[in-house]
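From first to last, the protein sequence lines stand for chains A and B. Each residue of the first sequence is one higher than the one before, starting from 1 at the first, in this note's numbering. Each residue of the second sequence is one higher than the one before, starting from 1 at the first, in this note's numbering. Note that CB positions come from ideal geometry on N, CA and C, so glycine has one too.
2 protein chains.
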Amino acid sequence: MGRDCDKFSRNQRIVGITKVLTETPNKVVNLNTFTEMFNAAKSTVSEDVVIVRETLEKLSVGKVETVSGAAGGIKFTVDISEEEKEKFEKKLCEIASEEDRVMVGDFLYVTDLIFNPNIIVPAAKILSSIFKDLDVDYVVTIETKGIPLAYEVAKNLGVQLVTVRNRNKVTEGASVYVNYISGTNKRIQTMSLSRKAMKKNSKCVFIDDFMRGGGTAKGIKELLSEFDSELLACGVLVDNNSEGQEKLMDNYISIIEFNGINQEGRAMVNPSDKRTL
Amino acid sequence: MGRDCDKFSRNQRIVGITKVLTETPNKVVNLNTFTEMFNAAKSTVSEDVVIVRETLEKLSVGKVETVSGAAGGIKFTVDISEEEKEKFEKKLCEIASEEDRVMVGDFLYVTDLIFNPNIIVPAAKILSSIFKDLDVDYVVTIETKGIPLAYEVAKNLGVQLVTVRNRNKVTEGASVYVNYISGTNKRIQTMSLSRKAMKKNSKCVFIDDFMRGGGTAKGIKELLSEFDSELLACGVLVDNNSEGQEKLMDNYISIIEFNGINQEGRAMVNPSDKRTL
Chain A
1 MGRDCDKFSR NQRIVGITKV LTETPNKVVN LNTFTEMFNA AKSTVSEDVV IVRETLEKLS
61 VGKVETVSGA AGGIKFTVDI SEEEKEKFEK KLCEIASEED RVMVGDFLYV TDLIFNPNII
121 VPAAKILSSI FKDLDVDYVV TIETKGIPLA YEVAKNLGVQ LVTVRNRNKV TEGASVYVNY
181 ISGTNKRIQT MSLSRKAMKK NSKCVFIDDF MRGGGTAKGI KELLSEFDSE LLACGVLVDN
241 NSEGQEKLMD NYISIIEFNG INQEGRAMVN PSDKRTL
Chain B
1 MGRDCDKFSR NQRIVGITKV LTETPNKVVN LNTFTEMFNA AKSTVSEDVV IVRETLEKLS
61 VGKVETVSGA AGGIKFTVDI SEEEKEKFEK KLCEIASEED RVMVGDFLYV TDLIFNPNII
121 VPAAKILSSI FKDLDVDYVV TIETKGIPLA YEVAKNLGVQ LVTVRNRNKV TEGASVYVNY
181 ISGTNKRIQT MSLSRKAMKK NSKCVFIDDF MRGGGTAKGI KELLSEFDSE LLACGVLVDN
241 NSEGQEKLMD NYISIIEFNG INQEGRAMVN PSDKRTL
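Here's what the structure looks like:
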């Protein structure tokens with residue numbers, strides 16, 4: 001990246017540092033990366049970093065922390081302001097309660113939303129800002145619809161995404177299988193994960209699009225225990241309370257709540273109460 | 001975002017502009033967004049933007065274009081330098097040819113890679129920088145393993161991701177079904193897409209993790225024609241040439257090539273020849 005270019009001005013170095021840091025959240029970046037990139041002294045780069053840190057915090061878009069030690073440097077952690085968060089939750093509720101989103105069987109159609117980067121990026125920021133101090137080794141999801149949100153959270157936390165399958169895959173090698181009861185169709189299903197997918201003794205968060213009764217999350221917890229690994233918490237986009245049932249899982253956060261269908265045939269959706277662990 | 005804060009310095013405005021622009025690729029951002037955010041004059045913000053543009057181009061990490069007209073403003077488009085691209089491709093080939101990646105049946109295990117943000121982010125930059133001038137309406141993928149790469153490309157191109165399913169889903173409403181022959185197990189499979197998933201007369205690119213014979217891409221093309229929509233091109237992470245067969249699809253690009261297993265039982269992998277459309 002530009003090592004053979006001329007000298008860079010402070011303004012230019014600041015642009016580059018902002019780009020690199022915000023693009024690799026939760027990863028420690030050594031200051032040498034920047035001294036080499038800009039052919040500048042460490043003291044100069046340190047001053048640049050102070051400006052970047054102060055501005056990102058002033059704008060409430062993230063923090064820049066100093067990590068000391070031999071492998072030290074600086075790292076960016078994702079944040080979202082309360083104002084942005086509320087604005088996004090309100091907008092998401094409006095979209096989710098649009099006409100034509102209620103399908104046969106009173107299912108809420110959100111497939112477009114969970115594959116829309118404009119929705120997934122802010123939703124992942126909300127979840128990541130809550131999970132960022134948990135010292136997570138993996139973000140776990142189950143195919144298919146939770147993948148974009150889980151991927152974005154994994155990126156924000158600087159860790160690998162692990163995707164549990166619900167069919168046997170010939171290309172995955174020796175795998176562990178667990179049965180679970182899914183909320184959507186209330187029948188026993190099987191989830192599987194390759195032995196190669198995860199190191200033992202790992203700490204995980206589970207991310208999904210919907211949570212109804214928490215049966216899937218409970219299955220994930222059991223599956224992870226087969227890897228001597230722990231499920232610390234869950235995060236979902238939509239908390240489905242339309243049947244008012246008890247959750248099998250209490251350590252979770254959600255962004256919006258779906259409370260059933262009103263008399264005009266629209267979904268009743270509001271920002272979730274489950275905002276902290 | 002910080003509208004009620006004090007004044008911002010040039011350095012601080014530049015940090016904020018870089019963050020906003022690089023986070024929303026291919027989206028037109030009106031200059032008023034920044035004049036409001038920083039409580040600054042349009043002429044001041046215009047000068048800031050020049051600095052951000054020049055630096056991002058100097059570092060070969062993206063371009064900032066001016067869009068004129070009533071809905072005008074500036075937009076950031078993703079780029080990657082030749083140096084970064086080559087470094088990434090080389091590293092990816094090394095990883096893919098590690099021991100223990102060859103599974104029973106001579107399948108190459110890449111599940112960890114296609115769910116790893118450190119791999120997916122640069123891979124998506126390579127594909128996006130080639131597709132960015134195609135004026136794409138949707139990025140299309142098929143569940144499951146292509147989703148993170150396709151999502152990241154969709155984000156870079158500023159469009160919605162559409163994920164084709166290979167099972168019937170009760171929550172998707174009226175859907176279109178197409179049969180296709182998948183390369184992995186050479187049997188007839190069914191792919192489906194909800195009528196709600198895509199507007200008619202759309203232009204699409206198809207993104208997947210692997211391409212063997214191109215049977216899946218051909219199925220996608222047929223499926224899209226049911227939506228009066230067009231498949232402009234395909235992009236894959238791994239071009240599987242291990243069986244040396246003809247592709248059913250020629251308008252595609254790939255990042256690395258898998259050419260079978262060598263005598264030591266390792267995958268033979270090299271940067272792809274299919275680098276341009």
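DSSP places V164/A within a strand segment (E or B) once states are collapsed to three. Within 10 angstroms of the beta-carbon of Y177/B lie fewer than 16 other beta-carbons, which makes it exposed. I80/A: not part of any alpha helix (DSSP H); DSSP gives it neither H nor E. A96/A carries a helical assignment under DSSP once its states are collapsed to helix, strand and coil.
Rounded to whole angstroms, the gap between the alpha carbons of N30/B and L21/B is 11 Å. Close CB contacts of K221/B within its chain, under the 6 Å cut and outside five residues either way in sequence, are with L231 (chain order). Taking D112/B as reference, the option from G173/A, V52/A, K203/A with the minimal CA-CA separation is G173/A. With a 10 Å radius around the Cβ and a threshold of 16 neighbouring Cβ atoms, E257/A comes out buried. For N156/B, the three-state secondary structure derived from DSSP is helix. Among the residues facing chain B, Y252/A is not included, as its CB has no counterpart in that chain under 8 Å away. Between L92/B and chain A, the shortest Cβ-Cβ separation is not below 8 Å. Interface annotation, Q263/B: not in contact with chain A, CB-CB separation never under 8 Å. For Y177/B, not one C-beta of chain A is nearer than 8 Å to its own C-beta. At least one CB atom of chain A sits nearer than 8 Å to the CB of S194/B.
Shown here for S272/B: same chain residues with a beta carbon closer than 7 Å to its own, the five before and five after excluded, namely D239, S254, I255, I256, E257 in chain order. In its chain, beyond the 5 residues on either side, V139, Q160, L161 have a beta carbon closer than 7 Å to the beta carbon of A154/B. For D48/A, the enclosing alpha helix (DSSP H) stretches over residues 42–58. Taking one beta carbon from each stretch, the region 121–141 of chain A and the region 75–92 of chain A have 3 or more pairs nearer than 8 Å; the two touch. Contact between A150/A and L237/A is absent: CB atoms are separated by about 10 Å, not below the 8 Å threshold. If the five residues before and after L92/A are omitted, its C-beta is found closer than 6 Å to the C-beta atoms of I256, all from its own chain and listed in chain order. The Cβ of Q245/A sits no closer than 8 Å to any Cβ of chain B. In chain order, N179, Y180, I181 place their CB closer than 8 Å to the CB of I188/A, counting only its own chain and leaving out the 5 sequence neighbours on each side.
Interface annotation, G173/A: in contact with chain B, CB-CB separation under 8 Å. One alpha carbon belongs to V269/A, the other to Y109/B, and they sit about 41 Å apart. For Q245/A, the three-state secondary structure derived from DSSP is coil.
In this chain, F34/B is not harboured by any beta strand (DSSP E); it is covered by the alpha helix (DSSP H) spanning 31–38.
Following the DSSP letters along the chain, one finds T24/B in no alpha helix (DSSP H), marked with neither H nor E.
In this structure Y252/B does not touch M191/B by the C-beta definition: roughly 18 Å separates them, more than the 8 Å allowed.
For A197/B, the chain A residues whose Cβ falls inside 8 Å of its Cβ are T111, D112, in order along the chain. Boundaries of the beta strand (DSSP E) harbouring V269/A: 267–271, taken from the DSSP string.
At a C-beta separation below 8 Å, P122/B has no neighbours in chain A, since its nearest C-beta there lies roughly 10 Å away.
Under the Cβ distance rule, F34/B does not count among the residues neighbouring chain A, no pair being separated by less than 8 Å.
In this structure, N11/B sits away from N39/A, with a CB-CB distance that is not shorter than 8 Å. Within chain A, the C-beta atoms nearer than 8 Å to that of Q12/B come from I51, E54, T55, K58, in chain order. When the five nearest sequence neighbours on each side are left out, the beta carbons in the same chain lying within less than 7 Å of the beta carbon of A267/B are those of A96, S97, R101, V102, L108, F258, I261, in order along the chain. In the assembly as shown, G244/A is an exposed residue. Its beta-carbon has fewer than 16 other beta-carbons within 10 Å.
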